[in-house]
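According to this note's numbering, the stretch in the sequence shown is residues 478 to 1225, in order.
Where a beta carbon is used, it is the ideal one built from N, C-alpha and C, also for glycine.
I have placed the structure first, in the form of C-alpha cells, so that the comments after it can refer back to it.
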Amino acid sequence: MEMTTLKLRPEHIEDLRQSGLSEETIEAAGIRSVEAEEAKRILNGIDCGPGWGVDWPTHGNPNLAPLTTVKPDKPYRFPDGRTAKYLMPKGARNRLYIPPMLKPEDLTRRILDIYITEGVKKALSGVQADLVCLGLNGVDSFTYRDDYGLSHPIEDLSMIEWNGRSERRVFIVFDSDQAIKPHVRKAQYRLAVELRKRGAEVSAILLPSGPNGEKVGLDDYLLRHNFSDLQSLPRDPLDAPPIFTVEEWLKAYEDGDDKANVREILQALAGLSLLDYEQIRERVAKIGGVRVSVLDAEVAALRPEGETSQTGTPMEFEEIIPWDEPVDGAALFDEIETTLKTFMIIPDHAAMAIPLWVAFSHSIDLFRVAPILSIVSPEMRCGKTTLLSIIAQLVPKPLTSSNISGPALFRSIEKWSPTLIVDEADSFLKGNEELRGIFNSGHTRTTAFVIRTVGDDHEPRRFNTWGAKVVALIGKLPATMTDRSIVISLQRKKPGEKVERLKGEHSRLFLTLGRKLFRWVKDNERKLKETNPETPESLNDRARDNWQPLFAIAEVAGGAWPEKVRRAAEKLSSDPGEGGLGVKLLSDIREVISERHKNEEKIFSSVLLEEILKLEERPWPDAFGGKGLTPARMAKLLNDFGIKSRDVRIREGVKKGFLKEDFDEAFARYLPEGGFPPFQSATEIQTNTGAGFSVFQSATEKNGVALEKMRIANSDTGCSGVAFRKGEKGGVSLNEGENPDKEEVIEL
C-alpha cells in the first residue's frame, strides 16, 4: 500500500481502482507515475506535453528487449489529427502484454483457455478474475512491420502452446462497440485467422452495452459480473465473410505477398453478393492480370447452378399482400407517427415527414420527382440504425447496404427497382463524384438514368436510376445531395429519456403497417396522380419540388395531415440562407458592404476579402479542403455568377475591385432579400484640383429629395472624370456609348 502510494499519484490510483484493480495487482504490475521529461525519455523523444503520465512495463517474452508504454493524462494528438491513449517508444514494435501474475505454465498448458482483450488495464482485470488474460496495445496490434514494410505476427505469440491433442480455446473479448466498428470487426477476423493457423479454436465473447448504450470493456463488465456470467454471454464464431477473404488477399498482394491460393480466392469471389462482387471484380482482375470478362466466367463456373457472376446471389423481395379492407389514410399515418416515437427519440417534424415519405415509396411512379430521405446525426448512437430498420419494414423491395459502388447502385436499380437504404454513407460518399452523380441523377424522372459502356465491345447502354432512396450518415451530406433531399436530423437520447427497444417480435406490427400502406396507395392512385397541392412560399424551388409528393399524399389522406406536412416542410426545409459556397459568399458580401461600407460605391477586392474573413461562424477559414478563401478562389466563385473584378480608383490608389452595382443582379436572383438598400448616387462626377478629397457618399434632404450633384475632389488632374447615370436599383452605370466590356479605371 505504501509503495503504491509513493509510486503513483492519487488521480492515477483512482483511475486504476475504477477498473477494479486491487492494490496487489497494481503493485505486481509495476505501474508508476512519471513526469513529462521522464515520459519523453522513456518514449525516445516523443513529447506528450506538460503534466504527468502512467508508465506501464510490458511483461512478455524474456528473450526480447524490455518494453514500457506510457499513458499521458491527456490523449496524445498526432500531426495528422489521430489520437492515442497509450504510446510506445519511438521505433518500438508491438508486443503482447502478459500480466506478471501469470505463470509460465499458464501459457503452455493447453487445457487452460486464453482470453485476449484490448489494453493493459483490461488484461490485469481479467487475470485478477482468475482468467489467463493477455492484452493487445490496440485491436490490430498483433502484428508489426519490419524495416522493409512487411507485416509479421508479434513474436510474443510464439511463447504460447496453441495446439496438441486438442485445440486450445481462445476467446477474443473486445469492447462492446466492436459490432458497429468495421475496422474492429476486421481486426478480430485477422486475429482469428492468425491463431487458427497456430492450431487454436477461436471465437469472440460479445460484451453487452451499458444501460444507456454506453461502451463496456472487460474491466467494466467484471466489476459487476463473475466468471459464470462472462461464460454465459453470446459468442461469435468469427467465420469471416467471403468479402473479408478477398480483401485480405488483395491487401497481402499489395504488401508484396502473393502466396494466396488462387482457387480459394475464386471460391471466395463466388460466395460474394452482387453488390460486393461488383465493387471488387475490376480490382481483382487487374491484380490477376486477366480481363474482367475472364474473371466473371471463372467465378460463374463456381457458383451454384442458376447463378452467374452477372446476377450474384439471387435477391428475394417479399411480396406485399394488400390489407383486406379499405384503410383510413390519416389514421394510418397517425399510427406510424406514434410507432416511430415509441421506439426512438425523434423530432416531431421528422415523425410527421417519415410516414408520408414511406407512402411515397409505394407510389413513386405517380410523381415526377423522387426526394432522397437523408438521415443525419452528429455522432454515433443517435438512432439512425433503428430508424433504418423501421423504414426497411415499411417500404417495398428494401435493399439495404452499408457500402455501395456506382456500378452496383445503378445495376441494382435497373434490375429490381428497389427502395435503396444505404447506411454509413459518410464512409464512402466523400470524394466519390461518380456515386454522388448517380444518386443525384435519380431525383427527376426525365433525367433518371446514366450511360455506361458494357462488355468487351464497350457498347453504350442506358441504366435507370429512378427509385426511392434512403441515405444515413454521420455529419453532413454533400451540398448537391442535400438540395435533393428531405433531411432528418437525429440526436442522441438523453440519459433520462426512455423508449421501447425494437425486437424481432415487432415485425408483425410493421408487416401490418406495410400492408395497410400498400392498400391505401392502391386505392388512391388516381387521386394522388391528379392532386396538385400548393407548397409553402417559404421553400425554395428545389425544396418545393422535393415536398410536392408528400403534400399530395397528405392532402389525399386528409385529417390533420395537410397542416402537419406544411409544418414539417417549413421546419425541415425552410432556410433562406441555405445554398452552396457561392450563395454564402454573396450573402456575406452583401452584409459587409451594407453594414461596413454602406456609404461607398466601390470596394477593393483585397478589402472585401479581409472583411469577409473577419465575419464570425463562417465556413471560409476551413473551406476548400482547409486551404481557406483566397483572392483567386473568391474570384472563381463570383465568376460563376457573372461577376468580375475591374480596376477601380479609391483615393490615390488603383486596384482590382468592384462597384456596388456589380452585385445587384446576383443578389436579386440568389438572395431572398434582394439587393442593397436604395442608394442615392451622384449624377455627375467632376475633376477638382483642390487639395482635399472627400469620401463619396449620398445625402438626402429632409424632404426626401437627393442632392442633385456631388463633386468628388481629386488632386490628380490627369484623371478624367467619368459621368454616371443612376441605375435601376440604386447603383451607378456607365453612360450610353461607353463600352461595358472594356476594362478601364473607374473614377467616382
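### Task
Count the other CB atoms, across all protein chains shown, that sit within 10 Å of the CB of M565; report buried if there are 16 or more and exposed otherwise.
Within the sequence shown, the letter at position 88 stands for residue 565. Per the 10 Å Cβ criterion, buried.
### Segments assigned alpha helix (DSSP H), at least 4 residues, entirely inside the stretch 813-839
The stretch 813-839 contains these whole alpha helix (DSSP H) runs: 825-839.
### Query
Is DSSP giving V1069 helix, strand or coil here?
Here residue 1069 refers to the residue found at position 592 when the sequence shown is read from its first residue. For V1069, the three-state secondary structure derived from DSSP is helix.
#### Entry: First and last residue of the uninterrupted beta strand (DSSP E) at S854
To locate residue 854, count along the sequence shown from 1; it is residue 377. Segment 849-854, the beta strand (DSSP E) holding S854.
### Query
By Cβ distance, which residues of its chain are closer than 8 Å to D1099, with the 5 residues on each side in sequence left out?
What you label residue 1099 is simply residue 622 of the sequence shown in a count that begins at 1. Residues of the same chain with a CB within less than 8 Å of the CB of D1099, apart from the 5 flanking positions on each side, are G1105 in chain order.
### C-alpha distance - M821 paired with A869, whole-angstrom precision
For this step, residue 821 is matched to residue 344 along the sequence shown. For this step, residue 869 is matched to residue 392 along the sequence shown. Straight-line Cα distance between these residues: approximately 15 Å.
### Query
Which partner residues of D697 appear in the DSSP bridge assignment?
In the sequence shown, residue 697 corresponds to position 220, counting from 1. None; D697 has no bridge partner.
### Task
Might you give, ordered along the chain, the residues of its own chain that have their beta carbon closer than 6 Å to the beta carbon of E1221, omitting 5 neighbours on each side?
Looking up residue 1221 in the sequence shown gives position 744. The predicted position of E1221 is uncertain, since its pLDDT is 35 and thus under 50; a value taken from the coordinates is nonetheless stated next. Shown here for E1221: not one same chain residue has a beta carbon closer than 6 Å to its own, the five before and five after excluded.
### Query
Using the rule of at least 16 other Cβ atoms within 10 Å of the residue's Cβ for burial, across every protein chain shown, is S1158 buried or exposed?
Here residue 1158 refers to the residue found at position 681 when the sequence shown is read from its first residue. Low local confidence applies: a pLDDT of 36 at S1158 is under 50, so the model's placement there is unreliable, with the coordinate-based value given in what follows. Counting Cβ neighbours within 10 Å, S1158 comes out buried, since at least 16 surround it.
#### Entry: 3 or more residues per run - each beta strand (DSSP E) lying fully within the stretch 632-657
Within the stretch 632-657, the complete beta strand (DSSP E) segments at least 3 residues long are 646-650, listed from N- to C-terminus.
### Query
Using the rule of at least 16 other Cβ atoms within 10 Å of the residue's Cβ for burial, across every protein chain shown, is L865 buried or exposed?
Counting from 1 along the sequence shown, the entry for residue 865 is found at position 388. It counts as buried.
### Message
For Y553, count the other beta carbons within 10 Å of its own beta carbon; 16 or more makes it buried, fewer makes it exposed. Which is it?
### Response
Residue mapping note: residue 553 aligns to position 76 of the sequence shown, counting from 1. The residue in question, Y553, is buried, as its Cβ has 16 or more Cβ neighbours within 10 Å.
### Query
Are V1069 and E1088 touching if we call contact CB-CB under 7 Å?
By one-based count along the sequence shown, residue 1069 stands at place 592. By one-based count along the sequence shown, residue 1088 stands at place 611. Going by C-beta atoms, V1069 is nearer than 7 Å to E1088.
### Query
Using the beta-carbon count (16 or more within 10 Å), is V450 buried or exposed?
For residue 450 there is no data in the structure shown, the boundaries of the chain being 478 and 1225.
### Task
Can you check DSSP and say which residues form a bridge with T921?
Looking up residue 921 in the sequence shown gives position 444. Note: T921 sits in a beta bridge opposite V846.
### Message
On the DSSP letters alone, give me the boundaries of the beta strand (DSSP E) that E936 sits inside.
### Response
For this step, residue 936 is matched to residue 459 along the sequence shown. DSSP places E936 inside the beta strand (DSSP E), whose first and last residues are 936-941.
### Message
Quick check on H629: does DSSP put it in helix, strand or coil?
### Response
By 1-based counting over the sequence shown, the position of residue 629 is 152. Strand, per DSSP.
### Query
By Cβ distance, which residues of its chain are closer than 8 Å to E1002, with the 5 residues on each side in sequence left out?
Your numbering for residue 1002 matches position 525 in the sequence shown. Within its own chain, the residues whose Cβ lies closer than 8 Å to the Cβ of E1002, once the five positions on either side in sequence are excluded, are S840, L843, listed in chain order.
### Query
Between D903, G694, D492, which lies nearest to L707 when the distance is taken from Cα to Cα?
As a working mapping, residue 707 is identified with position 230 in the sequence shown. The candidate whose alpha carbon is nearest that of L707 is G694.
### Task
Could you tell me the distance, in whole angstroms, from the CA atom of D1193 to the CA atom of L1114?
Counting from 1 along the sequence shown, the entry for residue 1193 is found at position 716. Counting from 1 along the sequence shown, the entry for residue 1114 is found at position 637. Confidence at D1193 is low in this model, with a pLDDT of 39, below 50, so its placement is unreliable and the value that follows should be read with caution. If I take the Cα positions, the gap works out to 35 Å.
### Bounding residues of the beta strand (DSSP E) (the contiguous stretch that carries A681)
As a working note, residue 681 is residue 204 in the sequence shown. It spans 678-682 - the beta strand (DSSP E) in which A681 sits, taken as one unbroken run.
### Query
Under 7 Å, do L1049 and H702 count as touching if we go by C-beta distance?
Here the question's residue 1049 lines up with position 572 in the sequence shown. Here the question's residue 702 lines up with position 225 in the sequence shown. Taking 7 Å as the Cβ cut-off, L1049 and H702 do not qualify as a contacting pair.
### Query
Whose C-beta lies closer than 7 Å to the C-beta of C859 among residues of the same chain, with five residues either side of it excluded?
To locate residue 859, count along the sequence shown from 1; it is residue 382. Around C859: L967, Q968, R969.
### Query
Roughly how many angstroms separate the alpha carbons of V1131 and T959, rounded to a whole number?
As a first step, residue 1131 is located in the sequence shown; it is residue number 654 there, counting from the start. As a first step, residue 959 is located in the sequence shown; it is residue number 482 there, counting from the start. The alpha-carbon atoms of V1131 and T959 are separated by roughly 42 Å.
### Task
Give the secondary structure of W1038 by DSSP, where H, G and I count as helix, E and B as strand, and everything else as coil.
Residue mapping note: residue 1038 aligns to position 561 of the sequence shown, counting from 1. Three-state DSSP puts W1038 in a helix.
### Query
How long is the line joining the alpha carbons of S918 and T942, rounded to whole angstroms?
Taking the first residue of the sequence shown as position 1, residue 918 is located at position 441. Taking the first residue of the sequence shown as position 1, residue 942 is located at position 465. Rounded to the nearest angstrom, the two C-alpha atoms are 7 Å apart.
### Query
CB-CB under 6 Å to R1044, same chain, minus the five flanking residues each way: which ones, in chain order?
Along the sequence shown, read from residue 1 onward, the residue named residue 1044 stands at position 567. Annotation for R1044: no residue places its beta carbon closer than 6 Å to its own, counting only its chain and skipping 5 residues before and after.
#### Entry: Spatially closest choice to R587 from I519, P576, V609, by CA coordinates
Here residue 587 refers to the residue found at position 110 of the sequence shown. The shortest C-alpha separation from R587 is found at V609.
### Task
Measure the Cβ-Cβ separation of V1033 and L1005 and say whether it is below 7 Å.
Here residue 1033 is taken as the residue at index 556 of the sequence shown, counted from 1. Here residue 1005 is taken as the residue at index 528 of the sequence shown, counted from 1. It is a contact, given that the beta carbons lie within the stated cut-off.
### Task
Could you give the DSSP three-state label for V947: helix, strand or coil?
The residue given as residue 947 occupies position 470 in the sequence shown. Secondary structure at V947: strand, using DSSP grouped into helix, strand and coil.
### Task
Locate the beta strand (DSSP E) running through P534, then write down its first and last residues.
To locate residue 534, count along the sequence shown from 1; it is residue 57. Where P534 is concerned, the enclosing beta strand (DSSP E) stretches over 529-535.
### Task
Please go through the stretch 532-611 and give each complete alpha helix (DSSP H) segment of 4 or more residues, from N-terminal end onward.
Here the runs fully enclosed are 581-585, 597-605.
### Task
On the DSSP bridge assignment, give the partners of D713 in chain order.
Taking the first residue of the sequence shown as position 1, residue 713 is located at position 236. Answer by DSSP bridge pairing, in chain order: A681.
### Task
Apply the 10 Å Cβ neighbour rule to P549 and answer buried if 16 or more other Cβ atoms are within range, or exposed otherwise.
The count along the sequence shown starts at 1 and reaches residue 549 at position 72. The residue in question, P549, is buried, as its Cβ has 16 or more Cβ neighbours within 10 Å.
### Query
Is V927 near I915, with beta carbons less than 7 Å apart?
The residue labelled residue 927 in the question sits at position 450 within the sequence shown. The residue labelled residue 915 in the question sits at position 438 within the sequence shown. It is a contact, given that the beta carbons lie within the stated cut-off.
#### Entry: Helix, strand or coil at P659 [DSSP, three-state]
Working through the sequence shown from its first residue, we reach residue 659 at position 182. If DSSP states are grouped into helix, strand and coil, P659 belongs with the helices.
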